[in-house]
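Enquirer: Could you have a look at this structure, given as structure tokens, before my questions?
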Amino acid sequence: MTSDKSFFDFISNGLPGPELRKDADNAILPARKLAFSRFRALGLPSVKTEEWRYTNIQRFLKDSFSLAQEEGTISAEQLKLTDIPQLDSYTAVLVNGRLQPALSKLPAEGKVTISKLSDAANNTQLQLWFDKHPHLQQQPFAALNAALFADGLFIEAGVNASLDKPLHIIHIYTTTGNAFIQPRHLMVLHKSATLEIIESSVGLNETAIAFVNSVTEIVLEENAELWHYNLQISEKNSRHIYHTSTVQKADSRYHHFNFTLPSAELTRNNLSVALTGSNTETNLHGLYLATDQQHVDNHTFVDHLVPNCNSNELYKGVLLDNSNGVFTGKIHVHQDAQKTNAFQQNNNLLMSEKASINSQPQLEIYADDVKCSHGFTVGRFSEESLFYLRSRGIGEEAAKTLLVNAFAFDITDQVHIPALQDFLSEKIRKYVSGAINN
Amino acid sequence: MRNSNEIIDDIANKEYEFGFTTDIEMDIAPVGLNEDTIRFISAKKQEPEWLLEWRLKGFQAFKKMKFPEWQHFKMPELDLQKLSYYAAPKEKKKLNSLDEVDPELLATFEKLGISLKEQKVLAGVAVDVVFDSVSVATTYRAKLEELGIIFCSFGEAVKHHPELVKKYLGTVVPHSDNIFAALNAAVFSDGSFVYIPKGVRSPMELSTYFRINAENTGQFERTLIIADESAYVSYLEGCTAPKRDENQLHAAVVELVALDHAEIKYSTVQNWYPGDKDGNGGIFNFVTKRGICKGNSSKISWTQVETGSAITWKYPSVILQGDNSEGEFYSVAVTRNKQIADTGTKIYHLGKNTRSRIISKGISAGHSDNTYRGLVQVGPRAANARNYTQCDSLLIGDRCGAHTFPYIESRNSTATVEHEATTSKIGEDQIFYLNQRGIETEKAVALIVNGYAKEVLNQLPMEFAVEAQKLLSITLEGSVG
Amino acid sequence: MLTIKNLHAEVDGKQILKGINLEIKRGEMHAIMGPNGSGKSSLSSVLAGRENYTVTEGEVIFDGKNLLDLSPEDRAREGIFLAFQYPVEIPGVSNLNFLKTALNEIRAYHNLPSIEAKEFLRLTKEKQQLVEFNANLMNRSLNEGFSGGEKKRNEVFQLAMLDPKLAILDETDSGLDIDALRIVANGVNKLRSADKAFMVITHYQRLLEYIVPDFVHVLYDGRIVKTGSKELALELEEKGYDWLKEEVHQKESV
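Keeping their order, the protein sequence lines are chains U, R and G.
Numbering-wise, our numbering comes out as the position in the first sequence, counting from 1, plus 1.
Mapping to our numbering: the second sequence position 185 is 172, numbers consecutive.
Numbering-wise, our numbering comes out as the position in the third sequence, counting from 1, plus 65.
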């Protein structure tokens, strides 16, 4: 299944169909086949594809990658690297997309089910939701994932269910050779269920490259609430395309946080939320801090299909060294979605001569009784603030770190878990002072 | 020839008050587009060989290009072989004075509110009139000549100032820029030419008035304005077209060049026939307008009031090449019925300390779609560049669309770019407040819309600001309630 | 001049006015008081013709015309002026232009020619002085960036300019400090005349020290439950509204 030519040519031409998966005879095979033909029809994007104009994905597919997904093993010490100090949580450890119960601290059996997706193949929720999210239909990499994913996590929270502490999902990627890894997850929160989920993605590769193409589908039934923190802290030799697609039904609340920290060389986030029930609340927060040659691309899409929904989006970027940031955020308000409140803001700090940002905040509005706005800024530190701090005896490095933390405060302040807040502040401090000293 | 009563009958339909046609003898090129068409046009205009060559290069580029796909509407199927690419009023002998202009033509422009008789012209505005594709009259020419200002039709400029035309033609909008610009390069018929010499400030507004009259023709005019060092000019274009059931294509090109310390202010009041309420007919307005601030501390400012056309596709742009140069874009775009507007600007910050400001006000009513699309690009050498963009959309009714698609690309850490956009509707409480003071709803809406668009309207020369305000009110009549 | 008979109105399906009866004659000053949510502002909205209010029963006759048949602008042209509790801001529309438009629309309705520019300026100056309205605010956008007090004073200034027959002041005193209140009240007092009537809606007796009413009506639960002279206002100030509420409930239970 490996080709020594570029992976791009390989998946453009010689790719085998979904039958190669072991679960080929299971209930979702027809859906996999559909997704495969969809992938064939969509083809791989280029910079001429509007959605990919600022991310030349073909450049990252030039190497060869194996589609065979190694099981991968990790040591207890390696697992320690993924710790968030002081965080009291359940854990679900996945290595290359496969759940490792022995390494995890899962909650006792109850109203919240956490299992391998492969073990849930016949679950009605999987039948109901697999690859159904409307926004995944046009995305070639999501189609590729649906056709060929190996495994992932299935979480189902029953009516009124909740956990006494957050669930920390630790995704570890470790391969011996270059690998194209495709995990797939489904989270369903039934009526009035509440969960707090932290996801960390960590790469352990030293030499080989892990290209991770993951899809997470989330369903929030009526009045459900999900706090969802995504920590993208992979090491250098990895490239990531993350799809997170959420459906929100009436009265549900979705709080999404996305932290992209140094330094996978490619991070592309496709976050989309479809509001299918009224009176929902959606908060999307993003912080990307990029160094070296990092390329961080956040695509978000909030789809207001029904009246009386509120969405609020704030993405902030700090771009150091030669890094490159992309933000494309779309708010789509359909004709029936009257009384929509939708806000979107993208602010950026360019901290180096070689860093760059491309941003496309977009409003597509078909209803008149709405309040929608977006804003974008890029700039540098206020020289005055910097001078003020320095005149009080604070060194330049410390002052800049302070100011970056202040810039990021709008986002970190919204984090409800103190241990996580501390962890993030410390990371920001470390990377900013590291970059300034370089 | 018809009598004046018949002409007046033509204006009877008030919906689009400039929808009449003028019955005048025309010189029209055979239908279709090929090299022979281009040679025909060039020969008709007695052009030099170099210009024919340039046209043919444009045609070669055109043949290789496809219609764009990124815009927020489905590109109509245009059969460019069914058009005639040249239409001019006959009797185009040399005119010595306006008295020799065909009286029918003079009457047409009187009716449009554009008087060609200098004593009756709006005080202090020189007008070049383009009827179908050909410039028919330029007023105040002698007075401008005293100052060394050249203001004439493009054709005349080719004859009398070939060195200037040759030096600047296609330097801002190349013959292969995009499919419509390439088409224009191949078949452009006439247009206006302006040159303001060093240190001269034009003492009056220069203005071109465009009128499409003939059937099955496209209009492809080309305007070139050069402001030499420390020169200043304010230029205005207006346009109307008769009501016809078929769509008509308008693919113009405007090039502006501002040298050191020069300033060009370019204003457009676009009122092409928008089609009827069901979306039949109307002008396809696919226009390429671009200016370059070539010199240090130069400035180019675009102001547009777009109320007409079935489809508007235009992005008046500024290349800020000179250090400390400045670009501005002020726009009001109103769409109603089934009109489509996809318009905005592109600003390229190349030089140091360059500044730009974009103010866009979109107003959508009926079943229309109104899109702002704009690019702000800051290059690596544009230290301390600054941009501020404000894009507001106003929706009238719940069957229209208002969209904002900015593209921001910054490659310089010392640059500051800010973009803000809002979408709102006219508040019921605002209308009620005005109602309560005795102002009826339609007038209330006109007041609110004019207030909303004020920042842009204020940029227009005084005489035209008043016209534009009226136009906004008329355009929105019947859109509310 | 104004006769309200058994007026019932609802908003969003909720009954707000439940049978108002009121007679206002030329030259009179009526105060409408009542606790929060009693329907005071709703009454002014219904009279001015706010669209989300539906009249379910009753009638309102203004100078012989059925007011409820008229559009909001025609009510204004007939001579009803509402000083809003929360005047809206309309960016880009200058105060001056707005007033001129309103004045001319009203004049046109009465078959009068448009006011001449010179006369308009003269009138503006005169009324500005009369109600102590800052001339600098004239060229600004309508209410945009005005302080609370400036907005209220603008309402009174417009009242002076448009010269209505019946002026309804909807909580014009709310949010005003004592100096601003005095200025607003002085303005209103100067505008009082034998052929003009006022309906002053207020929650507090304080305003009535400056604008002395001929009648005080207490509105409670969508009805006028008590009418008296200016002394009633003092009584309410002292005792609050609770004793009235009890009285009403007692009556109902009987």
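We treat Cβ as the ideally placed atom computed from N, Cα and C, and that holds for glycine.
Do U:Asn214 and U:Asn146 count as a contact pair if the criterion is CB distance below 8 Å?
Expert: yes
Enquirer: Given this structure, state the Cα-to-Cα distance separating R:Thr470 from R:Tyr182, to the nearest angstrom.
Expert: The structure shown does not extend to residue 470 of chain R, since chain R is modelled only from -12 to 468, so the question has no answer here.
Enquirer: Is it the case that the Cβ atoms of G:Asp235 and G:Leu246 are separated by a distance below 8 Å?
Expert: no
Enquirer: Does the Cβ of R:Gln364 lie closer than 7 Å to at least one heavy atom of the ligand ADP?
Expert: The ligand content of the structure shown is nil, which means the ligand ADP is not present either.
Enquirer: Going by Cα to Cα distance, which pick from R:Ser221, R:Tyr317 and R:Glu464 is closest to R:Asn445?
Expert: Comparing Cα positions, the closest option is R:Tyr317.
Enquirer: So who's on the other strand from G:Gly293, going by DSSP bridges?
Expert: G:Val281
Enquirer: Let's test the definition: count the other Cβ atoms within 10 Å of the Cβ of R:Asp164 and tell me whether it reaches 16, buried, or not, exposed.
Expert: buried
Enquirer: Give me the Cα-Cα distance between R:His354 and R:Arg386, rounded to the nearest whole angstrom.
Expert: 5 Å
Enquirer: Name the chain G residues that come within less than 7 Å of R:Gln423, Cβ to Cβ?
Expert: Ala113, Pro137, Ala141 and Leu147
Enquirer: Say whether chain R places a C-beta atom closer than 8 Å to the C-beta of G:Gln167.
Expert: Per the sequence presented here, residue 167 of chain G reads as Ala, with Gln not at that position. Answer yes: the Cβ-Cβ gap between G:Ala167 and chain R drops below 8 Å somewhere.
Enquirer: Jot down the residue ranges of each uninterrupted beta strand (DSSP E) in the stretch 121 to 176 of chain G, minimum 3 residues, whole runs only, in chain order.
Expert: 145 to 148 and 155 to 159
Enquirer: Using C-beta distances below 8 Å, list every residue in its chain close to G:Phe280, excluding the 5 sequence neighbours before and after it, in chain order.
Expert: Glu93, Met94, His95, Ala96, Thr292, Gly293 and Ser294
Enquirer: So R:Gly135 and R:Val187 are supposed to be a Cβ contact under 8 Å. How far apart are they, rounded?
Expert: Indeed they touch by this definition, with Cβ atoms about 6 Å apart.
Enquirer: Can you check which of these residues, U:Gln126, U:Glu197, U:Gln138 and U:Phe40, is closest to U:His169 by C-alpha distance?
Expert: U:Glu197
Enquirer: Distance check for R:His406 and U:His244, CA to CA, integer angstroms please.
Expert: 27 Å
Enquirer: Establish whether the CB of G:Ile171 and some CB of chain R are separated by less than 8 Å.
Expert: Yes, G:Ile171 lies at the interface with chain R (some Cβ there is under 8 Å from its Cβ).
Enquirer: For chain R, find out if any of its Cβ atoms is closer than 8 Å to the Cβ of U:Asn359; answer yes or no.
Expert: yes
Enquirer: Drop a sphere of 10 angstroms on the beta-carbon of U:Pro135, count the other beta-carbons inside from all chains shown, and report buried for 16 or more, exposed for fewer.
Expert: exposed
Enquirer: Closer than 8 Å is the cut-off here; do at least three beta carbon pairs connect the stretch 248 to 259 of chain U with the stretch 280 to 292 of chain U?
Expert: yes
Enquirer: Excluding five sequence neighbours on each side, which residues of the same chain lie with their C-beta closer than 6 Å to the C-beta of U:Asn313?
Expert: Asn284 and Phe344
Enquirer: Reducing DSSP to helix, strand and coil, say where U:Tyr230 ends up.
Expert: strand
Enquirer: Mind listing the chain R neighbours of U:Glu250? Cutoff is C-beta to C-beta under 7 Å, in chain order.
Expert: Inspection of the sequence shows that residue 250 of chain U is occupied by Lys rather than by Glu. Going along chain R, no residue has its Cβ under 7 Å from U:Lys250, so there is no contact; the nearest lies around 24 Å.
Enquirer: Could you check the C-alpha separation between R:Leu447 and R:Glu454 for me, to the nearest Å?
Expert: 10 Å
Enquirer: Check the Cβ of G:Ser206 against every Cβ in chain R and list those closer than 9 Å, keeping chain order.
Expert: Gly438 and Lys441
Enquirer: Suppose the cutoff is 6 Å on Cβ atoms and the five residues either side in sequence are ignored; what does the same chain contact list for R:Asn324 look like?
Expert: Lys264 and Gly353
Enquirer: Rounded to the nearest angstrom, what separates R:Pro17 and R:Glu56 at their Cα positions?
Expert: 30 Å
Enquirer: Along the stretch 220 to 253 of chain G, what residues have a CB closer than 8 Å to any CB found in chain R?
Expert: Of all residues in the stretch 220 to 253 of chain G, Gln223 and Leu227 have a Cβ within less than 8 Å of some Cβ in chain R.
Enquirer: So what's G:Asn12 in DSSP terms, helix, strand or just coil?
Expert: Nothing can be reported for residue 12 of chain G, as the shown portion of chain G is limited to 66 through 319.
Enquirer: Could you tell me which chain G residues have their CB closer than 8 Å to the CB of R:Tyr420, listed as they occur along the chain?
Expert: Phe149, Pro152, Val153 and Ile155
Enquirer: Tell me which residues share the same chain as U:Ala275 and place their Cβ nearer than 8 Å to its Cβ, disregarding the 5 neighbours each side in the sequence.
Expert: His134, Pro135, His136, Ser246, Thr247, Val248, Gln249, Asp304 and Leu306
Enquirer: Does chain U have any CB closer than 8 Å to the CB of R:Arg398?
Expert: yes
Enquirer: Who are the Cβ neighbours of R:Gly266 in its own chain at under 6 Å, not counting the five residues just before and after it?
Expert: Lys325
Enquirer: Residues of chain G with a CB under 8 Å from the CB of R:Gln417: which are they?
Expert: Val153 and Ile155
Enquirer: Considering just the uninterrupted stretch of the alpha helix (DSSP H) at U:Trp130, what are its terminal residues?
Expert: Thr125 to Trp130
Enquirer: Between the stretch 395 to 405 of chain R and the stretch 428 to 436 of chain R, can you find at least three pairs of beta-carbon atoms closer than 8 Å?
Expert: no
Enquirer: With a threshold of 8 Å between beta carbons, is R:Gln106 in contact with chain G?
Expert: With a pLDDT of 40 at R:Gln106, under the threshold of 50, the predicted position of this residue should be treated as unreliable, though the coordinate-derived value follows. Using beta-carbon distances, R:Gln106 does not count as an interface residue toward chain G, since no partner is under 8 Å.
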